[in-house]
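Asker: Please read through the structure below; I'll follow up with questions.
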Amino acid sequence: IFSAVVILTVITTIEKFWYFIGMGLFILFVVSLRLEVLGIFGLYNRLPVVTVLVLFVLPGFYFNRIRPTTAFVMRLLVFGILAVVVGLIIKVFSSVEYPFYHLTLTGYASGLILSVLFIIMVAHDVFASFVNMVSQGSSKSLRHLSIISFIYMGNLLITCFHEMGIIEWNFIYINLYLLLTLSAVLGIWGFRQREVLYGNIVPFAPFGAYFFLSMAAICFATTGQLLGNHNDPALKIIRDAIIFSHTGYGIIFLTYIFSNFVLMLARDLPVYKVLYNPTRMPYFTYRFAGMIAMLAFVFYSNWRVYVYNGLAGFYNTAGDLYGLLGNDTYAESFYEQGRSQGFQNNRSNYALATMKSARLNMEGAHYNYEQANATRPTLYSLTNAGNIYLWENDIFGAIREYQHANEILKGKNILFNNLGYAYAQVHNLDSALVYLNKARENSFTKTAAETNFFALAAMELIPLKIDSVVNLFDAASPSVIGNALALSTLQRQDFKIKVEPLAAKRLNLYTATVLNNYIIKYSNSLDTAFINQAYTLVSDSVNTNFSEAIKASLAFAYYAHGNVTKALEILAELAYISQSYQGKFNYIMGLWALEQRNPLLASTYFTYADTYDYKDARFYNAIALSEAGETGKAGIAWDTVASSKSDELQLVAAQMKRILFLPTYQAQALGDTEKYQFCRYRIGLRDSLVFNRLIDTFENDNYKAQALLDLSRKYFEADQLVPAFKYFSRIGVLELTDKNLYNEIKQYELLMLAYRGDIGGLENQMKQEISFEPSHKMEKLLFTTLIAESKGDTALASRNYAILGTYNPYLEEAVIASANFFRNQPNSGLKAYTILVEAIQINSNAVRLLKAYAMEATRQGFDEYAASVLQRIKTLEDTVY
Numbered sequence: 001i002f003s004a005v006v007i008l009t010v011i012t013t014i015e016k017f018w019y020f021i022g023m024g025l026f027i028l029f030v031v032s033l034r035l036e037v038l039g040i041f042g043l044y045n046r047l048p049v050v051t052v053l054v055l056f057v058l059p060g061f062y063f064n065r066i067r068p069t070t071a072f073v074m075r076l077l078v079f080g081i082l083a084v085v086v087g088l089i090i091k092v093f094s095s096v097e098y099p100f101y102h103l104t105l106t107g108y109a110s111g112l113i114l115s116v117l118f119i120i121m122v123a124h125d126v127f128a129s130f131v132n133m134v135s136q137g138s139s140k141s142l143r144h145l146s147i148i149s150f151i152y153m154g155n156l157l158i159t160c161f162h163e164m165g166i167i168e169w170n171f172i173y174i175n176l177y178l179l180l181t182l183s184a185v186l187g188i189w190g191f192r193q194r195e196v197l198y199g200n201i202v203p204f205a206p207f208g209a210y211f212f213l214s215m216a217a218i219c220f221a222t223t224g225q226l227l228g229n230h231n232d233p234a235l236k237i238i239r240d241a242i243i244f245s246h247t248g249y250g251i252i253f254l255t256y257i258f259s260n261f262v263l264m265l266a267r268d269l270p271v272y273k274v275l276y277n278p279t280r281m282p283y284f285t286y287r288f289a290g291m292i293a294m295l296a297f298v299f300y301s302n303w304r305v306y307v308y309n310g311l312a313g314f315y316n317t318a319g320d321l322y323g324l325l326g327n328d329t330y331a332e333s334f335y336e337q338g339r340s341q342g343f344q345n346n347r348s349n350y351a352l353a354t355m356k357s358a359r360l361n362m363e364g365a366h367y368n369y370e371q372a373n374a375t376r377p378t379l380y381s382l383t384n385a386g387n388i389y390l391w392e393n394d395i396f397g398a399i400r401e402y403q404h405a406n407e408i409l410k411g412k413n414i415l416f417n418n419l420g421y422a423y424a425q426v427h428n429l430d431s432a433l434v435y436l437n438k439a440r441e442n443s444f445t446k447t448a449a450e451t452n453f454f455a456l457a458a459m460e461l462i463p464l465k466i467d468s469v470v471n472l473f474d475a476a477s478p479s480v481i482g483n484a485l486a487l488s489t490l491q492r493q494d495f496k497i498k499v500e501p502l503a504a505k506r507l508n509l510y511t512a513t514v515l516n517n518y519i520i521k522y523s524n525s526l527d528t529a530f531i532n533q534a535y536t537l538v539s540d541s542v543n544t545n546f547s548e549a550i551k552a553s554l555a556f557a558y559y560a561h562g563n564v565t566k567a568l569e570i571l572a573e574l575a576y577i578s579q580s581y582q583g584k585f586n587y588i589m590g591l592w593a594l595e596q597r598n599p600l601l602a603s604t605y606f607t608y609a610d611t612y613d614y615k616d617a618r619f620y621n622a623i624a625l626s627e628a629g630e631t632g633k634a635g636i637a638w639d640t641v642a643s644s645k646s647d648e649l650q651l652v653a654a655q656m657k658r659i660l661f662l663p664t665y666q667a668q669a670l671g672d673t674e675k676y677q678f679c680r681y682r683i684g685l686r687d688s689l690v691f692n693r694l695i696d697t698f699e700n701d702n703y704k705a706q707a708l709l710d711l712s713r714k715y716f717e718a719d720q721l722v723p724a725f726k727y728f729s730r731i732g733v734l735e736l737t738d739k740n741l742y743n744e745i746k747q748y749e750l751l752m753l754a755y756r757g758d759i760g761g762l763e764n765q766m767k768q769e770i771s772f773e774p775s776h777k778m779e780k781l782l783f784t785t786l787i788a789e790s791k792g793d794t795a796l797a798s799r800n801y802a803i804l805g806t807y808n809p810y811l812e813e814a815v816i817a818s819a820n821f822f823r824n825q826p827n828s829g830l831k832a833y834t835i836l837v838e839a840i841q842i843n844s845n846a847v848r849l850l851k852a853y854a855m856e857a858t859r860q861g862f863d864e865y866a867a868s869v870l871q872r873i874k875t876l877e878d879t880v881y
């Protein structure tokens, strides 16, 4: 736009005939912009165009005819201010989005034409510079000019024939954009020398120079914009205009030189001083003949192709515009027209392939990528032509396409990473490692190759010293560190490389991977502060894209720290909002609920997971229903499992159905394993007589102890302490060989002591060697807190009970102990009540919790709530008994 303003200003300095010609061309330029399509002030007629013409033409006429003495700077300032005002009006009051991109589209033809004109204008300036150089010497000017011109013209012809597709040599061809740049720079001096030809219209200093520089700016801006969008049909016009004009005009200019100045060159006279004062062949004849020579190349190459390419370039620009506007239907329509006009042009076909692959129209995408790569392939089109095979899981098709691209790129290692990845997918380790190692030699693909190397090592379980490999790679990239962390987790290796997973506050794919894999690796050892900071970070709206995956990992970290409430809360939220992983999250919550001894809740989760056909949800649902004593529903669930294709699952289903529906009198004939299963799944609190007869028939003390422990737990959870202690006491006389069972029994004993308030007995038992697994850290915290409270350490007890009361509602003893503690603290208000009410909202079938809540509700005066809960307790007890 500024260049157009400068040219307009120069036009106003020209007199008479040429002024009117210039203003006519300017008016044509403004009309070609089609300002009416912008809807300025809601007007879609010619009024905006007429208004803009009046704004610029009237001052131009004033400066040219009425005040011709006005300084150039003043004229430029006036037109510049007008251009800024018009630009602001277009920006603010246009009815369309991206109004200036609309002007890029409507100004496409003008920009292309002016660019070609400028290219023709400077086409001979390289040869003219040769004349300037050699004729300033003192000897052998003709020989020097002949040699340098022959070499240059030879390279021009070879490059010209290459662009025309006549030759395909392994040769370093002239870079056409570099040639244009060199010609434009040299053209400044050449245009000054040609002042003798146009000086009667406008002088070179300064107006001619401004005009030349403005034309150059338009040419380079247009070419740059086309390069930026890779609008290859329009670029084909630019490229061929460069080489055809330089070759055609170059040949004729050499004829012009030798025709007019050969004798002067032979005598070593300064030809450059009279270069544009010919004696035999007029300059116009050179220009006319040069145009004919250039057009000869154009017609040989089929001039219609350039018309079609020009139209294709326009349609591509229109497609880019509507793609920017989000109107994919119009964008695709324009790209289709561009594809039909510019045969096998890359831009149209690449855009269409991208749009079709996004709609999973892979057949159409393959066709368009094939067309895009047929004549003017690019790295992106070649790469994505292989990538969509990966998306279709056609790995060998991807390898074939990558190898083809590698041949076109003449072995450049830019695609070696893709090849390494593809070979890794088909477990071809040798080829994968070779290509990944080659990809590391390219700085652009080094990080990706190292990332994929660790992924390959994880897939193939390749044993590595991971720290050493990371140090060898000298890798600090988050993508490499993220995969290295994952591999160290898989191979259970220490990872000694320093990692700062919370350093990035705005996550991307790689930093999010580092954070996620760091959480997974150290989920059991992370401190609460880190977990909370990570949760705050991923909850930020700027990290929404990675929130789901990292929150799921944080749920595991919370669970590993005993904060079951927070873990379930996170996964419940994710299961509600997730579009793809509802089955996974419900499945995990089901497993956790089973682990927390709430099989009815687990069955609910597994049922949801089964609706998404996730993993073994049906199998675990059958287990949960069996654990809950829902024999009828469990039988139906096991029938479903029996219909699976897995022989192992069918065998387990048959065994479980046999146990669930076996007559009681046949139980004594079972082996210890099946007898234990019968006790676990068939014996309830009303079946003590059957259990007593059956328990004495066990031969293996471990199975016998496990059966006694299970029944004792059932009574304990039902708040029937006398039978719970009775059955538990019978374990003491048994000789156990299972260490894990022994620890489980001792921890259960500690829970009973804690619930009874026998702190002395609890302290004595804690002095014995009892092993607490990480999953039992909350139980250990409860026991140590009870002991601290008994010794008067209320500060420690208060801190610990704040955790115990909220972390795990399924650890009923901890919740009740926390409520009891805070009830007795001064100014605690409703804290005890709040702890209990929040616990029963999650663990709604826990009899002991419900009883504790009923008592607290009565104490606080909430009699209706207490009555409701007591009714709930009666219902549960009726079900149990």
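In the working numbering, the protein residues as written are 1 to 881. Quick reminder that beta carbons are idealized off the backbone N, C-alpha and C, glycines included. Everything numeric in this text was worked out from a predicted model, so none of it was measured.
Identify, in the order they occur along the chain, each residue of the same chain with its Cβ nearer than 7 Å to the Cβ of residue 41, setting aside the five sequence neighbours on each side.
Answerer: For the purposes of this step, residue 41 is identified with residue 41 of the sequence shown, where counting begins at 1. Closer than 7 Å at Cβ, skipping near neighbours: 93.
Asker: Mark residue 881 as exposed unless 16 or more other C-beta atoms lie within 10 angstroms of its C-beta, in which case mark it buried.
Answerer: Locating residue 881 in the sequence shown gives position 881, where the first residue counts as 1. Any reading at residue 881 must be qualified, since the residue scores a pLDDT of 49, below 50, and its modelled position is unreliable; the value itself is stated next. So residue 881 counts as exposed.
Asker: Runs of 4 residues minimum, wholly inside the segment 771–811: which ones carry the alpha helix (DSSP H) assignment?
Answerer: Complete alpha helix (DSSP H) runs here, min 4: 777–790 and 794–807.
Asker: Check the C-beta distance from residue 622 over to residue 609 and give it rounded, since I have them as a contact under 8 Å.
Answerer: Locating residue 622 in the sequence shown gives position 622, counting from the first residue. Locating residue 609 in the sequence shown gives position 609, counting from the first residue. Not a contact, Cβ separation roughly 13 Å.
Asker: List the whole-angstrom C-beta distance separating residue 762 from residue 781, where the pair is believed to meet the contact cut-off of C-beta under 8 Å.
Answerer: By 1-based counting over the sequence shown, the position of residue 762 is 762. By 1-based counting over the sequence shown, the position of residue 781 is 781. Not confirmed; about 13 Å, so no contact.
Asker: Which term fits residue 482, buried or exposed, when burial requires 16 or more other beta carbons within 10 angstroms of its beta carbon?
Answerer: Counting from 1 along the sequence shown, the entry for residue 482 is found at position 482. Answer is buried; the Cβ neighbour count reaches 16.
Asker: Let me check one thing: in DSSP terms, what residues is residue 321 bridge-paired to?
Answerer: The residue labelled residue 321 in the question sits at position 321 within the sequence shown. DSSP lists no partner for residue 321.
Asker: Can you find the residues in the same chain that come closer than 7 Å, C-beta to C-beta, to residue 216, ignoring five residues on each side of it along the sequence?
Answerer: Residue numbering aside, residue 216 sits at position 216 when the sequence shown is read from its first letter. 118 and 184, listed in sequence order.
Asker: Determine the DSSP secondary structure at residue 5, reduced to helix, strand or coil.
Answerer: Within the sequence shown, the letter at position 5 stands for residue 5. Residue 5 falls in the helix class under three-state DSSP.
Asker: Give the straight-line distance between the Cα atoms of residue 509 and residue 176, rounded to the nearest whole angstrom.
Answerer: On the sequence shown, position 509 is the one that residue 509 refers to. On the sequence shown, position 176 is the one that residue 176 refers to. Cα to Cα, the separation comes out at about 39 Å.
Asker: First and last residue of the alpha helix (DSSP H) that includes residue 760?
Answerer: Taking the sequence shown and counting its residues from 1, the one referred to as residue 760 is at position 760. Element bounds for residue 760: 759–766.
Asker: For residue 165, does the count of other Cβ atoms within 10 angstroms reach 16, so buried, or fall short, so exposed?
Answerer: Against the sequence shown, residue 165 aligns to sequence position 165. Exposed, by the Cβ-count rule.
Asker: Between the Cα of residue 282 and the Cα atoms of 789, 260 and 406, which residue gives the shortest distance?
Answerer: Here residue 282 refers to the residue found at position 282 when the sequence shown is read from its first residue. Cα-wise, what sits closest to residue 282 is 260.
Asker: Answer yes if the segment 718–730 comes into contact with the segment 740–759, meaning at least three C-beta pairs across the two stretches below 8 Å, and no otherwise.
Answerer: Result yes; three or more Cβ-Cβ pairs closer than 8 Å.
Asker: Does the distance from the CB of residue 144 to the CB of residue 37 come in under 8 Å?
Answerer: Translated into positions along the sequence shown, residue 144 becomes position 144. Translated into positions along the sequence shown, residue 37 becomes position 37. Not a contact, by the Cβ cut-off of 8 Å.
Asker: Please specify which runs of the alpha helix (DSSP H), each continuous and at least 4 residues long, are wholly inside the segment 423–484, giving them in chain order.
Answerer: Qualifying alpha helix (DSSP H) stretches, in chain order: 429–439, 446–460 and 466–473.
Asker: Between which residues of its own chain and residue 191 is the CB-CB distance below 6 Å, once the five residues before and five after are set aside?
Answerer: The sequence position of residue 191 within the sequence shown is 191, counting from 1. Same-chain partners within the cutoff: 212.
Asker: Which residue from 658, 115, 364 and 234 puts its Cα closest to that of residue 221?
Answerer: Residue 221 sits at position 221 when you count from the first residue of the sequence shown. For the residues 658, 115, 364 and 234, the minimum Cα distance to residue 221 belongs to 115.
Asker: Does DSSP classify residue 683 as helix, strand or coil?
Answerer: On the sequence shown, position 683 is the one that residue 683 refers to. Of the three classes helix, strand and coil, the one that applies to residue 683 here is coil, per DSSP.
Asker: For the segment 371–386 and the segment 404–421, state whether three or more C-beta atom pairs, one from each stretch, are separated by less than 8 Å.
Answerer: Short answer: they touch.
Asker: Assuming the contact rule is C-beta atoms closer than 8 Å, residue 593 and residue 605 should be a hit. Round their C-beta distance to whole Å, please.
Answerer: Here residue 593 is taken as the residue at index 593 of the sequence shown, counted from 1. Here residue 605 is taken as the residue at index 605 of the sequence shown, counted from 1. Going by Cβ atoms, the distance from residue 593 to residue 605 rounds to 6 Å, so yes, they are a contact pair.
Asker: Three-state secondary structure (DSSP) at residue 235?
Answerer: If you number the sequence shown from 1, residue 235 lands on position 235. Of the three classes helix, strand and coil, the one that applies to residue 235 here is helix, per DSSP.
Asker: State the Cα-Cα distance for the pair residue 160 and residue 167, rounded to the nearest angstrom.
Answerer: Position 160 of the sequence shown, counting from 1, holds the residue named residue 160. Position 167 of the sequence shown, counting from 1, holds the residue named residue 167. Roughly 9 Å separates the two Cα atoms.
Asker: Nearest to residue 860 by alpha carbon, out of 64, 545, 876 and 828?
Answerer: The count along the sequence shown starts at 1 and reaches residue 860 at position 860. With distances taken between Cα atoms, residue 860 lies closest to 828.
Asker: Starting from residue 165 and walking both ways along the alpha helix (DSSP H), at which residues does that stretch end?
Answerer: Position 165 of the sequence shown, counted from the start, is the residue given in the question as residue 165. Taken as a continuous stretch (DSSP letters only), residue 165 belongs to no alpha helix (DSSP H), as it is neither H nor E.
Asker: Please determine, among 681, 96, 524 and 676, the residue with the shortest C-alpha to C-alpha distance to residue 700.
Answerer: Translated into the one-based positions of the sequence shown, residue 700 becomes position 700. Selected option, being the one with the closest Cα: 676.
Asker: Could you pull out every unbroken alpha helix (DSSP H) segment of at least 4 residues lying fully inside the segment 537–600, listed in chain order?
Answerer: Counting whole runs of 4 or more residues, the segment 537–600 contains the alpha helix (DSSP H) stretches 544–560, 564–577 and 582–595.
Asker: Please name the residue in 671, 694 and 639 whose C-alpha comes closest to that of residue 665.
Answerer: By one-based count along the sequence shown, residue 665 stands at place 665. Selected option, being the one with the closest Cα: 694.
Asker: What is the DSSP secondary structure of residue 148, reduced to helix, strand or coil?
Answerer: Your numbering for residue 148 matches position 148 in the sequence shown. Reduced to three states, the DSSP call for residue 148 is helix.
Asker: Less than 8 Å between the CB atoms is what I'm expecting for residue 801 and residue 783, so what's the real figure, rounded?
Answerer: As a first step, residue 801 must be located in the sequence shown, where it is residue number 801. As a first step, residue 783 must be located in the sequence shown, where it is residue number 783. Between residue 783 and residue 801 the Cβ distance is about 13 Å, and since that is not below 8 Å, they are no contact.
Asker: What number of angstroms, rounded off, separates the C-alpha of residue 301 from the C-alpha of residue 370?
Answerer: Locating residue 301 in the sequence shown gives position 301, counting from the first residue. Locating residue 370 in the sequence shown gives position 370, counting from the first residue. Rounded to the nearest angstrom, the two C-alpha atoms are 24 Å apart.
Asker: Specify the secondary structure class of residue 736 as computed by DSSP and reduced to three states.
Answerer: By 1-based counting over the sequence shown, the position of residue 736 is 736. Of the three classes helix, strand and coil, the one that applies to residue 736 here is coil, per DSSP.
Asker: Count the CB pairs spanning the segment 44–51 and the segment 226–241 that are closer than 8 Å, and state whether there are at least three.
Answerer: They do not touch, by the three-pair rule.
Asker: If you run the structure through DSSP and keep just helix, strand and coil, what is residue 43?
Answerer: Taking the sequence shown and counting its residues from 1, the one referred to as residue 43 is at position 43. DSSP places residue 43 in strand when its eight states are reduced to three.
Asker: Between residue 504 and residue 513, which are expected to be in contact by the criterion C-beta below 8 Å, what is the C-beta distance as a whole number of angstroms?
Answerer: The sequence position of residue 504 within the sequence shown is 504, counting from 1. The sequence position of residue 513 within the sequence shown is 513, counting from 1. Not really, about 11 Å apart at Cβ, beyond 8 Å.
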